[in-house]
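2 protein chains.
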Amino acid sequence: MPSIQDLLQEITLLSSTSATLGWDQETYAPSGSVTFRAKQLAYLQGRIHKLQTSDSFREGLASLAGPNQRELTHQYERATKLPQELVELDSETSSLAKAAWSEAREKNEFDTFAPHLAKLLEIAREKADHWGYEDEPYDALLAEYERGAKTREVATLFDSIDTELAQIAAAAVEASASIPADFLHGPAPLEAQQTLNREVAESLGFDFSQGRIDTTAHPFCTTLGPADVRLTTRYEDHDFASSLFGVMHETGHGLYEQGLPASDFHLPSGHAVSLGIHESQSRLWENHVGRSRPFWEKWYPRAQELFPHLRGISLDDFLPAVNRCAYSPIRVEADEATYDLHILLRFKIERALLSGKLLVSDVPDAWNDAFEKLFGFRPKNDTEGCLQDIHWSMGGLGYFATYSLGNINSAQLFEAAQKNETVSSAFAQGDFIPLLAWMQKNVHQHGSTLFPQDLMQQATGSKTDPQPYLKHLRSRFTK
Amino acid sequence: MPSIQDLLQEITLLSSTSATLGWDQETYAPSGSVTFRAKQLAYLQGRIHKLQTSDSFREGLASLAGPNQRELTHQYERATKLPQELVELDSETSSLAKAAWSEAREKNEFDTFAPHLAKLLEIAREKADHWGYEDEPYDALLAEYERGAKTREVATLFDSIDTELAQIAAAAVEASASIPADFLHGPAPLEAQQTLNREVAESLGFDFSQGRIDTTAHPFCTTLGPADVRLTTRYEDHDFASSLFGVMHETGHGLYEQGLPASDFHLPSGHAVSLGIHESQSRLWENHVGRSRPFWEKWYPRAQELFPHLRGISLDDFLPAVNRCAYSPIRVEADEATYDLHILLRFKIERALLSGKLLVSDVPDAWNDAFEKLFGFRPKNDTEGCLQDIHWSMGGLGYFATYSLGNINSAQLFEAAQKNETVSSAFAQGDFIPLLAWMQKNVHQHGSTLFPQDLMQQATGSKTDPQPYLKHLRSRFTK
């Protein structure tokens, strides 16, 4: 009988291999390879599942201790609680749903997607029943992404800030009307963008001997091994800032991954703890660093070298432009001041759907009404409304909340780090390595040994608290 | 107990996954990923070996029939004949040998590599003993690359042409002295090279929806799935032809792979039959097509568009330049007329080493003496002599012969195809698709169902025969 250590090593080899195939598919694989690639991935996933739910695995858990035992037991229980038929039905249903979602978007016709969403909700509720929950089905799903989080508490947190978030957004959008930003758009040759992206990522501490940046339509960060973190970005040929901020975001994810203990790569102690903490790192480098004055004091001259159209623009004109805000119906295009409104909206709708309080057929109206209340205008169609994101169609229910948790955590961690004199004085000089060192010590190195809320408590002195975030937004966007 | 079909499907999923990891390592993987990647590959290879040598596999062979049964039985027997310790010793020894080879090259010191080569030869002979052979150990190794080939027959074939090959080479080199070719060197921007490479590969029939071209230091072709063939090339910034001919070579390999029956991807009937046939396809497209007048009549105007320095050069001046020859101590830099001399040399030395007739310590002198006899000058050191190729250090003994078999086969297949009126009249017009169709019908579609020599017999009316090749070389290089 294989030992738990052997099993964990094997599972790690299989899942990192699977991640490599996934990365290849998103970056370079020719279109014709899709069918066979799906078979390879299904095979690898099947083997992982078999090992993770084996008797040897269960019995081996007893020989472990501490947080690794706790987390692996949790994972084992979740994996074994789902009947095989439900797992297969889930995968089959979401395959069909993804195609229907694409079609619905093209035809701008929610009804095409509605029956699929209804099925996916039914499956999600059934999964939640198998996993078990205290208050509501959303809890059981959220646990996949945010250990220890309770939906009710997240809702309370969001409810406590939604009005102020909306006010800040409104003020930011209004103030932005008089901020010129046309000059951001100018010739941005691919090579110049790649040069700046790479220099910035490197200066933030991203180790290119253990990672790289490629190009994809939808940027992401994925880890293929203990010393192999792959980021991706996309390029706009007249807007270098779009790719740069995207790269800083993914670099934040990448720095977290590179900061995890490599020798524990096969254990929870070597893995990121939650999406809400992961997103805190990406948003930290994208927004708290990337849109700050010290960052641009250091990097603006280099940007002007690479993009000559900026040479006549002063830093004092440039900086407000990269912090300019506008309402958009589309989440992925939203800026810092308006982003959370999108998340709060979807969280509410998703929660109501899962609890059965909202019917699928009522989603478009519910979406548009809630959107109008938050943004002051209605999306012009469902493609720009409730059909905009792919996640539901993939059965990805229960994790949008983590985006806003990430924003809130990022400000709280940043504020705590800045209390450290070394961090803050270096930051003021455009040196962000002490900030990284602080994050490595207080966040990265813990892997999944602490629950997210315990990690926040230990790092900052309190659990997730929205005040630093509101303070940050107010100071950046309202005068 | 899993059926043989299940086992074959699983082996195919594992080995194509392994190929994907290998491709990534050669193309994009960051340097730091090597150690973990080696673990992933060792794990996958271990599982493949376990399945291939399992009782279920052996028992399942009985349920098969025909060539697939024959080939899988052959593979099973070879896999099970080697003791596990020998396999491990082999892999360990070649890991160390590769490092020693690099060091020996850097220091230009054969003695650093010699003890490793001695060990590798011992292991190779032991493997040969386990596999069994009729005449000499080289037979057992060659069988890995060229089913049904006998070393003695290959040697007889090579001995029958070596004098004439040397004469043709000498004549070609002499004649080349008066052929101007400086104009080949001129600005060759990467994008222009990639454009031409892709247009040419596509026009030859390479399907980019099922394949792609990336950049590596050492070009290769690898198959990652039934609809996923990856080629690589390298670029010289002042020599577009170097990359183009490289791409045509790899495209030849790729067209063979794309021409195999995709539904038999898990069976020998869906796999290329031997290196000697594979190389016939790469050399066909590189030399018989790529260095021909009809090819350049069609493509020279496009090359002139992309590389303006060619605009003042007529096709009549250009064509001899791409067929210019010169002696080089380095095999991978050799041109069509001198290439086989390198192969014949290494084949002789390797065969003598394996049979024990040549001692490792005598290799440098034996190499340099034989080289001088063939080329008329001595390599200036061992790095340019017997240390030039990596293959021995990887335990890759027994396959260099297939390079020259490939050259010979390519001319023979080309001559046979040209007897077909559709093929030859299209060829004369710069349309090579009928040539591809002929190769698909007579070579590709057979997979490994025929032995290489039976395939040659069926396709051309005789087994491998050097006369068409000599005729081709004479006509191209001697007047």
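Heads up: the sequence lines are chains U and P, in that order. At position 64 of the first sequence (counting the first as 1) the number is 140 in our numbering, and the numbers step up by one without a gap. At position 53 of the second sequence (counting the first as 1) the number is 129 in our numbering, and the numbers step up by one without a gap. Virtual Cβ for every residue (Gly too), placed ideally from N, Cα, C.
Listed in chain order, the alpha helix (DSSP H) runs fully inside the segment 193-254 of chain P are 213-218 and 227-252, counting runs of at least 4 residues. Residue ranges of uninterrupted alpha helix (DSSP H) with 4 or more members, entirely inside the segment 306-356 of chain P and ordered along the chain, are 316-335. Under the Cβ criterion (8 Å, minimum of three pairs), the segment 269-280 of chain U does not count as touching the segment 472-482 of chain U. In terms of beta-carbon proximity, serine 92 (chain U) lines the interface with chain P, with at least one pair separated by less than 9 Å. Contact between the segment 227-241 of chain U and the segment 451-462 of chain U is absent: fewer than three C-beta pairs spanning the two stretches fall below 8 Å. Only those residues of the segment 107-130 of chain P whose C-beta falls short of 8 Å from the nearest C-beta of chain U are listed: Ser107, Gly108, Ser109, Thr111, Phe112, Arg113, Lys115, Gln116, Tyr119 and Leu120. If you draw a straight line from the Cα of serine 236 (chain U) to the Cα of aspartate 340 (chain U), it comes to about 38 Å. Out of P:Ser91, P:Leu331, P:His314 and P:Phe296, the CA that lies nearest to the CA of histidine 261 (chain P) is found in P:His314. Counting every other CB atom within 10 Å of its CB across the protein chains shown gives phenylalanine 447 (chain P) a total of 16 or more, marking it as buried.
Of U:Leu430, U:Leu320, U:Leu463 and U:Lys203, the smallest CA-CA separation from tryptophan 443 (chain U) is found for U:Leu463. Put simply, the segment 187-194 of chain P does not touch the segment 316-334 of chain P. Fewer than three CB pairs are less than 8 Å apart. Under the 9 Å criterion on CB atoms, tyrosine 475 (chain U) is classed as non-interfacial with respect to chain P. Within 7 Å of the CB of serine 285 (chain P), the CB atoms of chain U belong to Pro106, Ser107 and Gly108, in sequence order along the chain.
In terms of beta-carbon proximity, aspartate 438 (chain U) stays away from the interface with chain P, with every pair separated by 9 Å or more.
In chain order, Gln286 place their CB closer than 6 Å to the CB of alanine 303 (chain P), counting only its own chain and leaving out the 5 sequence neighbours on each side. For the pair aspartate 416 (chain P) and leucine 218 (chain P), the CB atoms are not nearer than the 9 Å cut-off.
For the segment 283-308 of chain P, the set of positions with a beta-carbon nearer than 9 Å to some beta-carbon of chain U reads Asp283, Phe284, Ser285, Gln286, Gly287, Arg288, Asp290, Leu300, Gly301, Pro302, Ala303, Asp304, Val305 and Arg306 in chain order. Between the C-alpha atoms of histidine 548 (chain P) and alanine 487 (chain P) there is a straight-line separation of about 7 Å. Per DSSP, glycine 472 (chain P) lies in no beta strand (DSSP E) and is assigned neither H nor E.
Straight across, the Cα-Cα distance linking arginine 274 (chain P) with alanine 176 (chain P) is about 38 Å.
Cα atoms of proline 106 (chain U) and threonine 96 (chain U): separation of roughly 15 Å, rounded to the nearest angstrom. Within chain P, no residue has its beta carbon less than 7 Å from that of threonine 327 (chain U); the closest one is some 15 Å off.
Ranked by Cα distance from aspartate 205 (chain U), the options U:Gln534, U:Ser431 and U:Ala504 are led by U:Ser431.
Taking the C-beta atoms as reference points, glutamate 412 (chain U) is found no nearer than 9 Å to phenylalanine 296 (chain U). Under the Cβ distance rule, threonine 96 (chain U) counts among the residues neighbouring chain P, one pair being separated by less than 9 Å.
Close partners of leucine 89 (chain U) in chain P (Cβ separation under 7 Å): Lys115, Gln116 and Tyr119. When secondary structure is reduced to three states using DSSP, isoleucine 406 (chain P) falls in the coil class, being assigned neither helix nor strand. Residue contact check for phenylalanine 447 (chain P) against chain U: no CB pair falls below 9 Å. Counted as a single uninterrupted DSSP element, the beta strand (DSSP E) harbouring leucine 300 (chain U) occupies residues 297-301. Excluding its 5 nearest sequence neighbours in each direction, alanine 257 (chain P) has C-beta neighbours in its own chain below 7 Å: Ala397 and Arg400, listed in chain order.
With a threshold of 16 other beta carbon atoms within 10 Å, histidine 294 (chain U) falls short and is exposed. In the DSSP assignment, aspartate 290 (chain U) falls within the beta strand (DSSP E) that extends over 287-291. Within chain U, Thr96 and Asp100 have C-beta atoms less than 7 Å from the C-beta of aspartate 100 (chain P), given in sequence order. Taking C-beta separations shorter than 8 Å and ignoring five residues to either side along the sequence, the partners of aspartate 393 (chain U) in its chain run Pro256 and Phe259, following chain order.
By the Cβ test, the segment 141-156 of chain P is not in contact with the segment 110-119 of chain U, since fewer than three Cβ pairs between them sit closer than 8 Å.
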